[in-house]
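Numbering (the numbering used here), first residue to last: 439 to 1180.
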């Protein structure tokens, strides 16, 4: 007898749960309720209806179903089942969801082995779904083969994985992330769940357990719930897989959540690269298939004598700055023989035991790096770099070590890829620019100029985001020279990015007429992609402001869509807010501020959030709300300080100085305005520096500091003479245009 047979659903096939929604047949039955296939006659589509059992505790069960619906509603992703509505009929709550026509992964596993390339595709898809959920603060908490449905794709005949059943999900929005897991399928539950509430690392463990079951037929074995998982089975040992794949699985199944990858995508990258299927991740990081396939051939098999094996081991030790046992194992392709470990320890060359071996600090590494011929050494360097990347902690130190090894091995594409990963991982704006510039230099080749141009444009875009006009001239000139030798179509996305970057630099250099003409030519061609329309709109607004056409700028701001998303739109609406405040349109200023903040938060960009917060502070300052303005400015500093964006940091200092001056605190006003003047001087922003000096002179005058005032006036006159133009903005709006967005 079925254990669930005594539970009854309030619905039956043929029922109409709402007008136009008719249940056709029961397709699944679980612990909380049943799932029906239904026909939505109004929209002419098939949907799934999940309904609670009639004898469940109505309050708790209904609340849990509502939480599941909210969790699903937050995650809009092609590999997550969609939620359409929540309803109530016959006294029971139900969910109306997307109907996924296909079989569960459990059904396919029970039928026998699955092709590796298909496994890889599904891992990547489920990992992408989990990462999307985790970014929004949603934890699935029940990842298992039964909750992964595979829908048939008619276009190419392949099946796509869809993550379903968020019945145990935890959501930050609902405040349930601290709620512990009280039930679930033991084989897929992470060890730490016995002691604490779940985290994203628990979902990563569960996905790794599912991957283990795909490859070995069963989940990883554990003697008890809290003990580390074992990889492989007696009939299908782990030795049948490449070492890189085993290392990726072992890391994701680590009993300590801190030892697991930072994201499901990182796990998928490492596992697929280990299986030689890196191309299934569409180039999203990691060595390619050829690189990881190289690791499948043990390096130790090339050593014909014990001396040659010793040379390989000691060379790898010389390449690693410390103890990297997993990297040594992966590079060599086997454990270091115990007699060799004892020999190296007896000679005082190495410390550690077994595979946890590292070179002693006092040992000279250079002679060890000269043991092998250059070709073999480059091969060992490349393998070591890949092993470090796959097994080392996801940190800047790991990426830097792997990058240097890739460069030494003359694998510049891998080094450039890691440099770009480092750029995306760091917060400091200057350090990010360093990594992007390194990636651009490593891709500088005539054989593949497109990758080179893409890296240069990423560098130019970052300079635009940070407001670094002087620095941006170098990647702009290099990119323009590259395009001159390698023509691009007029509608090529790279050309559009380059032309927009050129307009931005021209504006920053004060070449308003030239920038305006170039922007008009670009917009006259029409058909700007959505990702470039925000940048073009922001540039148009800045042109109008710098030309003094405030009425046109205000009309242009009102003509734009009310709630676009992205960092460029955040800048646009920040400017629009300041313009509206300047013109006395307070209602539209408040609206623009809200949109700017929302767009920046949606883009998850600290610089955008900091810029929008500064715009709010400026508006409050102009309204005489000095205490609020000061609090907002300090909040912006907290956001921007880790980024190291000197232009926005300089503006923040200037604004804080103005606020303190308005509050009558001359000492603090002088301190912050002086910091702003120093920052603008270092960046070569002469107009902004002139505005800061002018404000300093006014503070000195009000404080009766005649000597200081005279000195500042002299420096301001020198600056004006050197730049050859008037540096004193006539209005507060001009100060914003020059200083805030220069």
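Ideal Cβ positions, reconstructed from N, Cα and C, are used throughout, including at glycine.
Please read all numbers here as calculations on a predicted model, not as lab measurements.
Going by the beta-carbon positions, is the gap between residue i and residue j smaller than 8 Å?
i: residue 535; j: residue 485; result: yes
i: residue 463; j: residue 481; result: no
i: residue 822; j: residue 764; result: no
i: residue 1008; j: residue 1038; result: yes
i: residue 796; j: residue 770; result: no
i: residue 1077; j: residue 1047; result: yes
i: residue 991; j: residue 982; result: yes
i: residue 887; j: residue 931; result: no
i: residue 945; j: residue 984; result: yes
i: residue 709; j: residue 667; result: no
i: residue 1189; j: residue 778; result: Given a span of 439 to 1180 for the chain in the structure shown, any question on residue 1189 remains unanswerable.
i: residue 898; j: residue 882; result: no
i: residue 798; j: residue 756; result: no
i: residue 782; j: residue 788; result: yes
i: residue 917; j: residue 880; result: no
i: residue 913; j: residue 878; result: yes
i: residue 643; j: residue 690; result: yes
i: residue 558; j: residue 713; result: yes
i: residue 507; j: residue 524; result: yes
i: residue 836; j: residue 857; result: no
i: residue 603; j: residue 580; result: yes
i: residue 828; j: residue 750; result: no
For residue i, which beta-bridge partners are listed by DSSP?
i: residue 796; result: 789
i: residue 535; result: 486, 521
i: residue 478; result: 459, 483
i: residue 464; result: 474
i: residue 502; result: In DSSP, residue 502 forms no bridge with anything.
i: residue 558; result: Residue 558 is not bridged to any residue.
i: residue 589; result: 540, 598
i: residue 454; result: 460
i: residue 816; result: Partner(s): none; residue 816 has no beta bridge.
i: residue 657; result: Residue 657 pairs with nothing; no bridge assigned.
i: residue 526; result: 531
i: residue 609; result: 576
i: residue 675; result: 670
Please classify residue i as buried or exposed, where buried requires at least 16 neighbouring CB atoms within 10 angstroms.
i: residue 1087; result: buried
i: residue 449; result: buried
i: residue 490; result: buried
i: residue 1171; result: For residue 1171, the predicted structure reports a pLDDT of 39, less than 50, and the residue's modelled location is therefore unreliable. A value from the coordinates is still provided. Buried.
i: residue 924; result: exposed
i: residue 849; result: buried
i: residue 483; result: exposed
i: residue 928; result: exposed
i: residue 852; result: buried
i: residue 548; result: exposed
i: residue 1181; result: Because the chain spans 439 through 1180 in this model, residue 1181 falls outside it and cannot be assessed.
i: residue 440; result: With a pLDDT of only 48 at residue 440, under 50, the local geometry of the prediction cannot be trusted, and the value read off the model is given with reservation. So residue 440 ends up on the exposed side.
i: residue 1142; result: exposed
i: residue 973; result: buried
i: residue 1145; result: exposed
i: residue 502; result: buried
i: residue 940; result: buried
i: residue 866; result: exposed
Between the options, which lies nearest to residue i when the distance is taken from Cα to Cα?
i: residue 1063; options: 786, 1100, 563; result: 1100
i: residue 621; options: 895, 1139, 631, 703; result: 631
i: residue 816; options: 801, 837, 845; result: 845
i: residue 703; options: 753, 652, 639; result: 639
i: residue 635; options: 669, 613, 711, 656; result: 613
i: residue 1075; options: 1061, 1092, 1020; result: 1092
i: residue 530; options: 565, 471, 505; result: 471
i: residue 813; options: 835, 847, 825, 950; result: 847
i: residue 645; options: 915, 856, 601; result: 601
i: residue 859; options: 867, 873, 866, 868; result: 873
i: residue 1124; options: 768, 907, 1045, 526; result: 907
i: residue 458; options: 1072, 479, 522; result: 479
Assuming residue i and residue j are in contact, meaning their beta carbons sit under 8 Å apart, how far apart are those beta carbons, in whole angstroms?
i: residue 1053; j: residue 1012; result: 4 Å
i: residue 587; j: residue 513; result: Going by Cβ atoms, the distance from residue 587 to residue 513 rounds to 15 Å, so no, they are not a contact pair.
i: residue 519; j: residue 571; result: The pair is not a contact, with the Cβ atoms about 12 Å apart (cut-off 8 Å).
i: residue 1137; j: residue 1107; result: 5 Å
i: residue 628; j: residue 695; result: 7 Å
i: residue 583; j: residue 648; result: 6 Å
i: residue 1059; j: residue 998; result: Residue 1059 to residue 998, Cβ: 25 Å. No contact.
Is residue i near the ligand SAM, in the sense that its beta carbon is under 7 Å from a heavy atom of that ligand?
i: residue 682; result: Ligands in the displayed structure: none, and consequently the ligand SAM is not present.
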